[in-house]
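S.K.: Could you have a look at this structure, given as structure tokens, before my questions?
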Ligand SMILES: C[S@@+](CC[C@H](N)C(=O)[O-])C[C@H]1O[C@@H](n2cnc3c(N)ncnc32)[C@H](O)[C@@H]1O
């Protein structure tokens, strides 16, 4: 079972992306022209916007349940100016046998590659799938010491905190989302424990999921070194999805890279 399978049912309710990220990726795909590859396409949050804007997209993900949601959303959307092709594949060893004008890994999906080896494998796969003039875009959380300290000093696994409550469309229920985080400082890993409870109008829990999400924090300096190691050169870097500078207070980092010239 893939790590995100358990998330699929509630993913769209709980995860709304980062401010401006979908519009940013759509704009970049339109600028790149041609064909786009999204790594970790999930339920198609960004993919659908791309297809609506006329982008021809291929998306890969290793979670059958997330891909099933994505397919259902495209089916419900009907005919769109762009198109989507979905593949179940792992970011570590995918081989689609073709190249793309843009390869993107949005919404911090790169943080799911938990070791330097896995990060390198994914970057090398991404590079192999780029045309010579193609672009690669990734975004990541900026792990400032104070932000990491919040996680380390935050609630322990036993102290789940309510982080959100959402009405479920077309059902007279709401979802309560509880979360706790622990971290492995040496391996730079954050393990989040999530309790998702769907509660009916009488407050009775109708359905409950206990889910775990593990992510690695990697500093901008480490990520830029990794990009270089894997044969990329950075074309531009930003601190938000409105092309603001990456600076000390940024909580997001976005890189647009290309193949390094020999
Ligand atoms: C944070 S979600 C992003 C989904 C979508 N791009 C979005 O913006 O909403 C990360 C996605 O990456 C996928 N993923 C994580 N690790 C993966 C791996 N090793 N191979 C393929 N997909 C992976 C997950 O299944 C999940 O759908």
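Numbering (our numbering), first residue to last: 14 to 275.
From the three backbone atoms N, C-alpha and C, an ideal C-beta is built for every residue, glycine too.
Just so it is clear, the structure is predicted and the values come from calculations on it, not from any experiment.
Assign residue 37 to buried or exposed, taking buried as 16 or more other Cβ atoms, counted over all protein chains shown, within 10 Å of its Cβ.
M.R.: buried
S.K.: Spell out whether any CB of chain C is found under 7 Å from the CB atom of residue 172.
M.R.: You won't find chain C in this structure, because it holds only one protein chain.
S.K.: Around the C-beta of residue 113, are 16 or more other C-beta atoms found within 10 angstroms, so that it is buried, or is it exposed?
M.R.: buried
S.K.: Mind checking which residues open and close the beta strand (DSSP E) that includes residue 246?
M.R.: 245-251
S.K.: Short check: CB of residue 73 to CB of residue 107, under 7 Å?
M.R.: yes
S.K.: Could you give the distance in angstroms between the alpha-carbon of residue 67 and the alpha-carbon of residue 43?
M.R.: 8 Å
S.K.: In this structure, what does DSSP give as the bridge partners for residue 224?
M.R.: When beta bridges are read from the DSSP output, residue 224 appears opposite 207.
S.K.: By the DSSP assignment, the beta strand (DSSP E) with residue 191 in it spans what residues?
M.R.: Taken as a continuous stretch (DSSP letters only), the beta strand (DSSP E) holding residue 191 covers 186-197.
S.K.: Go through the residues and name those whose CB comes closer than 5 Å to any heavy atom of ligand 1, in chain order.
M.R.: 17, 53, 55, 58, 59, 74, 75, 76, 79, 103, 104, 119, 120, 122 and 125
S.K.: Taking Cβ to Cβ, would you say residue 117 is nearer than 7 Å to residue 150?
M.R.: yes
S.K.: Whose C-alpha, out of 254, 233, 253 and 260, is nearest the C-alpha of residue 247?
M.R.: Minimum Cα distance to residue 247 is reached at 233.
S.K.: Indicate whether residue 21 and residue 78 have their beta-carbon atoms separated by less than 7 Å.
M.R.: Against a cut-off of 7 Å, the Cβ pair of residue 78 and residue 21 comes out as a contact.
S.K.: Could you tell me which residues DSSP pairs with residue 153 in its beta bridges?
M.R.: Listed as beta-bridge partners of residue 153 by DSSP are 266.
S.K.: Using CA atoms only, rank isn't needed, just tell me which of 164, 213 and 147 is closest to residue 274.
M.R.: 147
S.K.: Any idea which residues DSSP pairs residue 48 with across the strands?
M.R.: 69
S.K.: Measuring only the C-alpha atoms, how far is residue 93 from residue 195?
M.R.: 43 Å
S.K.: Using the beta-carbon count (16 or more within 10 Å), is residue 255 buried or exposed?
M.R.: exposed
S.K.: How many whole angstroms separate the CB atoms of residue 115 and residue 49, which I take to be in contact at a CB cut-off of 8 Å?
M.R.: 4 Å
S.K.: Which residues mark the beginning and the end of the alpha helix (DSSP H) in which residue 256 is found?
M.R.: Careful: residue 256 lies outside any alpha helix (DSSP H) and carries neither H nor E.
S.K.: For residue 96, which three-state DSSP category applies?
M.R.: strand
S.K.: Is the beta carbon of residue 97 sitting closer than 7 Å to the one on residue 80?
M.R.: No; because the gap between Cβ atoms is not below 7 Å, this pair is not in contact.
S.K.: Could you round the C-beta distance between residue 191 and residue 207 to whole angstroms and report it? I think they count as a contact, below 8 Å.
M.R.: Confirmed, about 7 Å.
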